[in-house]
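Undergrad: Dropping the structure in here first, questions after.
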Amino acid sequence: MPSTSASEPGPASARRPRIAGIGRVLVVIYAILALGAFGRSLVQILQQFDEAPLAYTLSAVSAAVYIVATVALVARGAVWYRVAWVTISFEMLGVLVVGTLSVVAPELFAHASVWSYYGVGYLFIPLVLPVLGMLWLSKNRPVVAR
Amino acid sequence: MIEWFSYVQIAIAVLAGVFCLVVGFTGRTPNDFTLGSTALVEVLLVIQFVVALLSPAFGNTASGDVLEFYVYAVSALLLPAAAVFWALIDRTKWSTVILGVACLAIAVMVYRMNAIWLVQGV
Numbered sequence: 436m437p438s439t440s441a442s443e444p445g446p447a448s449a450r451r452p453r454i455a456g457i458g459r460v461l462v463v464i465y466a467i468l469a470l471g472a473f474g475r476s477l478v479q480i481l482q483q484f485d486e487a488p489l490a491y492t493l494s495a496v497s498a499a500v501y502i503v504a505t506v507a508l509v510a511r512g513a514v515w516y517r518v519a520w521v522t523i524s525f526e527m528l529g530v531l532v533v534g535t536l537s538v539v540a541p542e543l544f545a546h547a548s549v550w551s552y553y554g555v556g557y558l559f560i561p562l563v564l565p566v567l568g569m570l571w572l573s574k575n576r577p578v579v580a581r
Numbered sequence: 165m166i167e168w169f170s171y172v173q174i175a176i177a178v179l180a181g182v183f184c185l186v187v188g189f190t191g192r193t194p195n196d197f198t199l200g201s202t203a204l205v206e207v208l209l210v211i212q213f214v215v216a217l218l219s220p221a222f223g224n225t226a227s228g229d230v231l232e233f234y235v236y237a238v239s240a241l242l243l244p245a246a247a248v249f250w251a252l253i254d255r256t257k258w259s260t261v262i263l264g265v266a267c268l269a270i271a272v273m274v275y276r277m278n279a280i281w282l283v284q285g286v
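Chains as they are written, first to last, in the numbering used here: chain A, 436 to 581; chain B, 165 to 286.
Written out as structure tokens, the structure is:
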């Protein structure tokens, strides 16, 4: 039986080194945002779902997406890399669309969600974070081992 | 919650956060000072949590939503503990930066908890 250790990169597989450097800080900020979005949507749905079903459903969806994005940034492999791109793009789209709608049609989105008014309730972190995430992803593609 | 104690807590969390960020960006791995200041932030959170649990018995009730308050309070308790745990495992300068990010997040969360307890419904 060949004694290759598990830490050596396997041949002919697309891998990405375990997340390192400033990327770890990015993951932590994502995790904090995921926790915040999850906590808030939980409270909203338990207590006042009828007031603004659309905004609060969106709150829950965004919380779920932040959680998946956090996991996708940490997990290795080409598939997770793609998942990270999809979820982070979705966040970018979400904050832009919902942010604009909350200004244009406040009766739909006046109730606080992570993305209302471009994330002002979260210090605009939801607006900045996807950009940083995309930059980080494009600089750290999965390495195809030969 | 006790108002002056919250402000002390926010001030210490901001100081600890900035301190850890500066130390982290100068390239140091987590040390006794950065871990200690994050631990101090956690200890203050535990004290505040106990104060919040006891104060309704002394006539100091939350003016805002109690459930929302405790979602914040429990999340806040987890954060510095998780950051310290991370820093003990991952001995790089980025862990020191992460300690700073966690402390600053606590400052924001305590500010929100303070607002929920004191400002709403007044």
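Built from N, CA and C at the ideal position, the CB exists for glycine as well.
Less than 8 Å between the beta carbons of B:A246 and B:L199, yes or no?
TA: The Cβ atoms of B:A246 and B:L199 lie no closer than 8 Å to each other.
Undergrad: For B:V265, would you say it is in contact with chain A, using Cβ-to-Cβ distances shorter than 8 Å as the test?
TA: yes
Undergrad: According to the Cβ coordinates, are A:G529 and A:W550 closer than 8 Å?
TA: The criterion of a C-beta distance shorter than 8 Å is satisfied by A:G529 and A:W550.
Undergrad: Report all residues from its chain with a CB closer than 7 Å to the CB of B:V187; omit the five preceding and five following residues, and keep chain order.
TA: So the qualifying residues of the chain are T198, T260.
Undergrad: Can you name the residues of chain A whose CB is closer than 8 Å to the CB of B:G227?
TA: This sequence places Ser at residue 227 of chain B; Gly is not what is there. Neighbours of B:S227 on chain A: none; closest Cβ ~16 Å, over 8 Å.
Undergrad: Using a Cβ-Cβ distance cut-off of 8 Å, determine whether A:I480 contacts chain B.
TA: no
Undergrad: Per DSSP, what kind of secondary structure is A:T462 in: helix, strand or coil?
TA: Looking at the sequence shown, residue 462 of chain A is not Thr but Val. Correct three-state label for A:V462: helix.
Undergrad: Taking the alpha-carbon positions, what's the A:A393 to B:F183 distance?
TA: Here chain A covers residues 436 to 581 and nothing more, so residue 393 of chain A does not appear.
Undergrad: Does the Cβ of B:W281 have 16 or more other Cβ atoms within 10 Å, making it buried, or fewer, making it exposed?
TA: buried
Undergrad: So what's A:V530 in DSSP terms, helix, strand or just coil?
TA: helix
Undergrad: Write down the C-beta distance between A:V478 and B:L231 rounded to the nearest angstrom, noting that I regard them as a contact closer than 8 Å.
TA: 6 Å
Undergrad: I'd like the span of the alpha helix (DSSP H) that includes A:L500, first residue to last.
TA: The sequence shown places Val at residue 500 of chain A, not Leu. Start and end: 488–509.
Undergrad: What residues in the segment 491–506 of chain A bring their beta carbon closer than 9 Å to a beta carbon of chain B?
TA: none
Undergrad: Using a Cβ-Cβ cut-off of 8 Å, state whether A:V518 counts as contacting chain B.
TA: no
Undergrad: Please confirm if the segment 167–183 of chain B is in contact with the segment 200–210 of chain B, defined as three or more CB-CB distances below 8 Å between the two stretches.
TA: yes
Undergrad: Is the beta carbon of B:F213 sitting closer than 8 Å to the one on B:A175?
TA: Going by C-beta atoms, B:F213 is not nearer than 8 Å to B:A175.
Undergrad: Please state whether DSSP places A:V549 in a helix, a strand or coil.
TA: coil
Undergrad: Can you grab the Cα-Cα spacing for the pair A:V538 / A:L481, in whole Å?
TA: 26 Å
Undergrad: Identify which residue in A:G474, A:L508, A:Y491, A:R517 has its Cα closest to the Cα of A:G456.
TA: A:L508
Undergrad: Measuring only between beta-carbons, confirm whether A:V460 sits less than 8 Å from chain B.
TA: Interface residue, yes.
Undergrad: Let me confirm a value: A:T522 is counted as buried when at least 16 other C-beta atoms fall within 10 Å, else exposed. Which label applies?
TA: Classified as buried, A:T522 has 16 or more neighbouring CB atoms from the shown chains inside 10 Å of its CB.
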